[in-house]
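*Asks:* Submitted below is the structure of interest, expressed as structure tokens.
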Amino acid sequence: MKRKKIVLWFSMYMAITLSLIATVTLIDKADDNRQMAQAGGAAEHPAVSETLMEKEDPAKEKLDKTGHNEENTQVDADIREQKKEEETLDVEAETVIASDGVSIRANYGARIYADVDKSKPMVALTFDDGPNEKSTNVILDALEKYQARATFFVVGYKVEDNSDTIKRAYRLGCEIGSHTYNHIELTTLSRKQIKAQIRNTEKVIRAVTGQKRVLLRPPYGSVDENVLKEITSPIVLWSIDTEDWKTRDSKKTVDSVINNVKDGDVILLHDSYDESAEAAEEIIRKLSEKGYQMVTASELGYYKLGGLATGVKYGAITGD
Ligand code: ZN
165 MKRKKIVLWF SMYMAITLSL IATVTLIDKA DDNRQMAQAG GAAEHPAVSE TLMEKEDPAK
225 EKLDKTGHNE ENTQVDADIR EQKKEEETLD VEAETVIASD GVSIRANYGA RIYADVDKSK
285 PMVALTFDDG PNEKSTNVIL DALEKYQARA TFFVVGYKVE DNSDTIKRAY RLGCEIGSHT
345 YNHIELTTLS RKQIKAQIRN TEKVIRAVTG QKRVLLRPPY GSVDENVLKE ITSPIVLWSI
405 DTEDWKTRDS KKTVDSVINN VKDGDVILLH DSYDESAEAA EEIIRKLSEK GYQMVTASEL
465 GYYKLGGLAT GVKYGAITGD
């Protein structure tokens with residue numbers, strides 16, 4: 165009987181002690197929360213309105229959807245990184261790449277092969293909107309067969325999933341350029357957003373090819389003052405627009421090239437369609453028969469003009 169009483173008293177004592185501890189802890193927590201609320205009170209409203217502003221900006225929203233909208237700090241870090249690279253690139257520009265013995269680097273890091281005959285006609289085939297595992301590889305097969313090279317202006321968000329295709333293109337001597345990260349019209353963006361589109365694409369391309377800066381082909385060819393202020397490489401547009409994306413007709417695409425081609429042309433195609441890949445096979449064969457050398461856009465710039473300049477827009481690259 166006595167033992168039972170002791171156990172009962174002990175249990176009651178423990179229960180009271182525990183509930184006291186719990187109460188003190190809760191009060192502490194509540195105090196902490198109040199203090200946090202007071203400290204953060206002033207900053208709370210701007211943060212909320214900033215979120216609302218972001219929602220109102222359709223371009224920014226588009227970036228958010230793909231999860232690649234960089235915070236300001238990230239962009240700043242990228243700029244610092246870029247500045248460091250620019251310092252080292254000047255040295256690299258003078259360097260003859262000895263590993264393959266046949267190439268040098270343009271001032272922005274592109275490879276220039278020495279197996280080009282300057283006295284013979286040459287053109288740059290360019291493919292936008294890829295890479296696409298199927299159609300890009302059909303085009304690469306044809307380029308390999310005719311020992312030709314082309315330039316692929318890739319969309320940044322597609323790069324990671326198609327890194328094998330890009331590696332293959334790069335191994336074949338092709339040039340990988342930027343067509344922005346989200347295939348977005350740069351002239352609709354703020355300078356900060358333009359910077360993010362360019363830097364993020366360069367970053368994913370660099371991860372696959374090792375090349376630090378790349379040619380830019382802005383979607384829809386849209387360029388304005390803000391774009392020119394943010395870019396750190398040449399802008400390559402085109403002189404023959406096959407309109408392959410519109411006709412989706414490989415014969416029309418082939419004709420638009422073969423009936424108009426001349427020395428120094430930059431030919432616009434898309435490697436995102438089967439019909440375009442089919443047309444490209446025929447175009448590569450016919451251009452080869454006509455004696456055209458198919459070089460990259462940077463090589464065309466190098467052999468016709470002695471090099472492409474940063475911030476300059478190019479159509480046909482003739483040197484005339
Ligand atoms: Zn495009």
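Residues 165 to 484 in our numbering are what the sequence shown spells out, letter by letter.
For each residue, glycine too, the CB sits at the ideal point set by N, CA and C.
Quick caveat: nothing in here was measured; it's all calculated off a predicted structure.
Taking 8 Å as the limit between beta carbons, can you name the residues of its chain near THR300, skipping five residues before and five after?
*Replies:* Same-chain partners within the cutoff: PHE291, GLY294, PHE316, ASN326, THR329, ALA333, ASP435 and ALA441.
*Asks:* Cβ-heavy atom distance between ASP281 and the ligand ZN below 7 Å?
*Replies:* Answer for ASP281: no, Cβ out of range of the ligand ZN.
*Asks:* To the nearest angstrom, report how far apart LYS468 and MET458 are at their CA atoms.
*Replies:* Taking the straight line joining both Cα atoms gives about 13 Å.
*Asks:* Report all residues from its chain with a CB closer than 6 Å to the CB of PRO285; omit the five preceding and five following residues, and keep chain order.
*Replies:* So the list reads ASP427 and TYR456, once near-sequence residues are dropped.
*Asks:* Provide the residue span of the alpha helix (DSSP H) that contains VAL372, from first to last.
*Replies:* Run containing VAL372: 355-373, per the alpha helix (DSSP H) assignment.
*Asks:* CB of PRO383 to nearest heavy atom of the ligand MN: below 7 Å?
*Replies:* Questions concerning the ligand MN fall outside what the structure shown contains, since the ligands it does hold are the ligand ZN.
*Asks:* Inspect the beta-carbon positions of LEU307 and ILE395 and report whether they are closer than 8 Å.
*Replies:* Taking 8 Å as the Cβ cut-off, LEU307 and ILE395 do not qualify as a contacting pair.
*Asks:* Of all the alpha helix (DSSP H) runs that stay within the bounds of the stretch 411-455, which reach a length of 4 or more residues?
*Replies:* List check, alpha helix (DSSP H) in window: 414-422 and 438-453.
*Asks:* Is GLY273 helix, strand or coil when you go by DSSP?
*Replies:* Here GLY273 sits in coil by DSSP.
*Asks:* Roughly how many angstroms separate the alpha carbons of LEU304 and ASN364, rounded to a whole number?
*Replies:* Rounded to whole angstroms, LEU304 to ASN364 spans 25 Å at the Cα level.
*Asks:* Can you tell me which of the three DSSP states ASP408 falls into?
*Replies:* ASP408: helix per DSSP, three-state reduction.
*Asks:* If you measure from the CB of ASP293, is any heavy atom of the ligand ZN nearer than 7 Å?
*Replies:* Because some heavy atom of the ligand ZN lies under 7 Å away, the Cβ of ASP293 counts as near it: yes.
*Asks:* So, with DSSP's three-state summary, where would you put SER342?
*Replies:* Looking at SER342 - three-state DSSP - the assignment turns out to be strand.
*Asks:* Exposed or buried, ARG377, counting other C-beta atoms within 10 Å across all chains shown (16 or more means buried)?
*Replies:* Buried.
*Asks:* Buried or exposed: GLN357, going by 16 or more other Cβ atoms within 10 Å of its Cβ?
*Replies:* By the 10 Å Cβ count, GLN357 comes out buried.
*Asks:* By the 10 Å Cβ neighbour count, where 16 or more other Cβ atoms means buried, how is GLY320 classified, buried or exposed?
*Replies:* By the 10 Å Cβ count, GLY320 comes out buried.
*Asks:* Nearest-angstrom Cα distance between LYS416 and VAL425?
*Replies:* Approximately 14 Å, taken between the alpha carbons.
*Asks:* How do the stretch 397-406 and the stretch 377-388 stand: do at least 3 beta-carbon pairs fall below 8 Å, yes or no?
*Replies:* Counting Cβ pairs under 8 Å, three or more are found: they touch.
*Asks:* Roughly how many whole angstroms lie between the Cα atoms of ASP438 and VAL418?
*Replies:* Going by the C-alpha atoms only, they are around 13 Å apart.
*Asks:* Roughly how many angstroms lie between the CA atoms of LEU451 and ILE422, to the nearest whole one?
*Replies:* Straight-line Cα distance between these residues: approximately 7 Å.
*Asks:* Could you round the C-beta distance between ASP486 and THR351 to whole angstroms and report it? I think they count as a contact, below 8 Å.
*Replies:* Lying before the first or after the last residue shown, residue 486 is absent from the chain, which here runs from 165 to 484.
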